[in-house]
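One structure is given here, and the rest of the page talks about it.
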């Protein structure tokens, strides 16, 4: 991997209702893309598909130590590439909408759980504590923050990741066709507001999801987009471009210099560190 550069692939695809077949499909995608990618990202709830039915979810879930994630770890190591893999997690009697960050050695760098569920998920999937699930993870010299679907609708969450040093925010989703404009607008806004790259990877289900996985530059420009068919979005993300964008239009640094202090006062906070507010 070239220093200061990371090649990213986002896999826009269908998930099947068989976890083992999804693992096989994922291994194929990883193997096919690893030669030209340092990081491969899959859509929300990839291991199970987005099916909110109680009996199905109970059968489809698996702990992080289970066979599905183990297969992905082995494949990441074999192909010398990092993988961000969403999965339906079972832990201590609860279901979580989770993501495993796996490095190119096959080690789990971190696990993120969804904290703000969309209404169709309520009653099926547990919401994780907000303060425990917005960390950044280092992959290939870049700091990466994660958002799951509906979480991208709240600018405070992406700002919290930026406050922790994120260079890239990855959004994994199962975004409905009716919300295409929301998807496009919010991804661009999160990139511009925080001077970060945004990688948005959406799952596919015929006539339900809007597709349009995309990678967006820190200036809000679309670097690649997949529209509504199965495919891959690719881009090379560069630290120099990131630094240049932050100097040219310094939204984030100016926010920290001016607006965060005003916001803190409005909230009755006496310090200057917006991270403590979030």
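Numbering (our numbering), first residue to last: 675 to 952.
The C-beta atom is built at its ideal place from N, Cα and C for all residues, glycine as well.
Here the structure is a predicted model, which means the values were calculated and not measured.
| query | result |
| --- | --- |
| Reduced DSSP secondary structure (H/G/I, E/B, other) of residue 949 | Because residue 949 sits at a pLDDT of 46, beneath the cut-off of 50, its placement in the model cannot be relied upon, and the following sentence gives the value as read from the coordinates. It is helical. |
| Buried or exposed (CB count within 10 angstroms, at least 16 for buried), residue 788 | buried |
| Buried or exposed (CB count within 10 angstroms, at least 16 for buried), residue 689 | buried |
| Nonlocal neighbours in the same chain, by C-beta distance under 8 Å from residue 920, ignoring five residues either side | 869, 892, 926, 927 |
| Local conformation of residue 778 per DSSP, three classes | coil |
| Contacting residues, own chain, Cβ-Cβ under 6 Å from residue 786 (five flanking each side not counted) | 773, 807, 820 |
| Coarse secondary structure for residue 737, derived from DSSP in three states | coil |
| Inter-residue spacing [alpha-carbon to alpha-carbon] between residue 876 and residue 888 | 9 Å |
| 6 Å Cβ shell around residue 898 - same chain, five flanking residues per side excluded | 889, 907, 908, 909 |
| Touch test, the region 702-714 against the region 731-741, Cβ-Cβ under 8 Å, three pairs minimum | no |
| Segment limits, beta strand (DSSP E) that includes residue 866 | Element bounds for residue 866: not the beta strand (DSSP E) but the alpha helix (DSSP H), 854-868. |
| Check whether residue 735 and residue 764 have beta carbons under 8 Å apart | yes |
| Distance CB(residue 845)-CB(residue 874) smaller than 8 Å | yes |
| First and last residue of the uninterrupted alpha helix (DSSP H) at residue 910 | Segment 905-912 is the beta strand (DSSP E) holding residue 910; no alpha helix (DSSP H) there. |
| As assigned by DSSP and simplified to three states, the class of residue 690 | coil |
| Backbone CA spacing between residue 922 and residue 901 [nearest angstrom] | 30 Å |
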